[in-house]
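First up is the structure itself, then whatever we jot down about it.
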Amino acid sequence: MTNVFVLRENLKVEKKLDFSKCISSLSKINQELFIEFTPETFHLRTISESKLGYCSFNFSKNFFSEYECTCPINLKLNIKIVNTIFRNSSYSGNDVCCNFQLDTFDSNLMICFDFPSKGFTKRYKLVYTETNTIKANFNKNESFLLFIVNAKMFLETFLHVNKNDKQILIQMTQNSFILKNYFNRDLIKNVRSVAILKKDKFDYFNSDKSINLTCYLREIKVVSTGNCLKEDVEISIEQECFNEELNSTFSDDVEIKEPQPKKSKNIFESIFSDDSLSSQENMNDTKNFQYYIDSE
1 MTNVFVLREN
11 LKVEKKLDFS
21 KCISSLSKIN
31 QELFIEFTPE
41 TFHLRTISES
51 KLGYCSFNFS
61 KNFFSEYECT
71 CPINLKLNIK
81 IVNTIFRNSS
91 YSGNDVCCNF
101 QLDTFDSNLM
111 ICFDFPSKGF
121 TKRYKLVYTE
131 TNTIKANFNK
141 NESFLLFIVN
151 AKMFLETFLH
161 VNKNDKQILI
171 QMTQNSFILK
181 NYFNRDLIKN
191 VRSVAILKKD
201 KFDYFNSDKS
211 INLTCYLREI
221 KVVSTGNCLK
231 EDVEISIEQE
241 CFNEELNSTF
251 SDDVEIKEPQ
261 PKKSKNIFES
271 IFSDDSLSSQ
281 ENMNDTKNFQ
291 YYIDSE
């Protein structure tokens with residue numbers, strides 16, 4: 001049984017690059033790419049190594065010129081391999097057609113790039129592993145903090161932090177957003193950076209209480225850089241846990257085999273997290289959070 005998915009022919013270059021940008025953004029979170037095919041939607045997902053971060057890009061079937069899904073399926077691939085395929089493909093013309101051909105009988109995913117003007121086709125054959133559906137428990141209505149800010153401005157805030165810093169400290173008050181690259185007891189930092197965004201810089205800002213939290217700099221950048229349409233980024237923060245279905249999905253380690261020779265509005269809902277890289281002493285004044293990113 002074979003399912004066929006074709007990106008819209010003669011699609012503008014920017015839209016094709018948006019698809020590859022989604023894969024590139026996911027590759028910054030983890031090395032595993034989870035793909036879910038359903039009769040109505042095509043999903044690209046990943047989860048961080050700490051299993052505290054989850055990101056999903058959802059493409060409606062209207063995004064494709066042809067979309068046939070006779071049997072829903074979930075599969076896992078090495079995201080570095082997929083990212084290399086789309087990064088190395090030439091999008092110099094707008095007549096490039098990308099095809100996904102899924103052969104469930106042989107567990108193969110064929111990715112083809114047709115170049116009619118040049119008269120040749122690139123084909124990549126990947127061997128995938130079937131997995132379960134991954135989900136995260138997240139209820140935005142229960143979030144005690146919600147703010148909406150311009151994605152570009154939000155990203156520029158983190159440019160003041162050294163890229164070698166793995167974690168950052170975020171302080172949320174009822175009137176401001178404060179970003180630091182150090183903890184109060186951290187005396188090792190030679191250069192300390194502090195960025196403050198006042199409440200009036202946000203399109204929407206609702207904070208019921210003040211909080212301190214830590215998160216990975218790399219993962220929080222994905223929230224902004226992954227926004228292909230450069231629209232506003234919507235962020236919600238709450239204390240929440242993933243369900244058992246998600247945890248069981250990542251209980252087994254499966255080796256990935258090497259491969260053989262209409263866009264809708266992006267909305268990002270995220271819950272930032274802290275992991276074990278920071279010492280217990282530094283975490284006395286912080287709380288553990290999880291983040292969830294979803295884009296349609």
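The opening residue of the sequence shown carries number 1 in the UniProt record's numbering; numbering runs sequentially from there. Glycine residues also receive a C-beta, built at the ideal position from the N, C-alpha and C atoms.
Decide if C98 is buried, meaning its Cβ has at least 16 other Cβ atoms within 10 Å, or exposed.
C98 comes out buried.
Given this structure, state the Cα-to-Cα distance separating residue 338 from T214, to the nearest angstrom.
What the structure shows of the chain is the stretch from 1 to 296, and residue 338 is not part of that stretch, so it cannot be assessed.
Are I148 and Y204 close, meaning C-beta to C-beta below 7 Å?
Result yes, Cβ atoms of I148 and Y204 sit closer than 7 Å.
Tell whether a beta-carbon distance below 7 Å holds between S207 and V161.
No, Cβ-Cβ distance for S207 and V161 is not below 7 Å.
Hey, how far is the Cα of E219 from the Cα of K28?
Roughly 7 Å between the two C-alpha positions.
How is the alpha helix (DSSP H) around E156 delimited, first residue to last?
It spans 151-157 - the alpha helix (DSSP H) in which E156 sits, taken as one unbroken run.
Taking the alpha-carbon positions, what's the I170 to C22 distance?
Taking the straight line joining both Cα atoms gives about 26 Å.
Can you tell me whether DSSP reads I114 as helix, strand or coil?
The sequence as given places Asp at residue 114; Ile does not occur at that position. D114: strand per DSSP, three-state reduction.
Under three-state DSSP, which class holds R192?
Coil.
Is the Cβ-Cβ distance between N62 and S48 less than 7 Å?
No.
List the endpoints of the continuous beta strand (DSSP E) containing T41.
Segment 41-47, the beta strand (DSSP E) holding T41.
Roughly how many angstroms separate the alpha carbons of T129 and A195, rounded to a whole number?
Approximately 44 Å between the Cα atoms of the pair.
Along the chain, where does the beta strand (DSSP E) containing Q171 start, and where does it finish?
Start and end: 167-172.
Mapping the DSSP letters down to three states, classify F86 as helix, strand or coil.
The answer is helix: DSSP assigns F86 an H, G or I state.
Please work out which residues of its chain come closer than 7 Å, Cβ to Cβ, to M172, disregarding the five sequence neighbours upstream and downstream, and give them in chain order.
Once the five neighbours on either side are set aside, the close Cβ partners of M172 are L145, S207, S210, I211.
Can you give me the C-alpha to C-alpha distance between C71 and L26, rounded to a whole angstrom?
Cα to Cα, C71 sits roughly 25 Å from L26.
Counting pairs of beta carbons, one from the region 101-116 and one from the region 151-165, are three or more of them closer than 8 Å?
In short, these stretches do not touch, since the Cβ pair count stays below three.
Based on the DSSP secondary-structure assignment, which residues constitute the bridge partners of Y128?
According to DSSP, Y128 bridges with nothing at all.
Are L102 and L33 touching if we call contact CB-CB under 7 Å?
Not in contact: L102 and L33 (Cβ atoms no closer than 7 Å).
So, using beta-carbon positions, are T133 and N74 closer together than 7 Å?
Going by C-beta atoms, T133 is nearer than 7 Å to N74.
Using the Cα positions of R37 and C69, report the straight-line distance between them to the nearest angstrom.
A small fix is needed here, since residue 37 is Phe in this sequence, not Arg. For F37 and C69, the distance between alpha carbons rounds to 7 Å.
Taking T131 as the reference, give the member of I168, T104, M153 with the closest Cα.
With distances taken between Cα atoms, T131 lies closest to T104.
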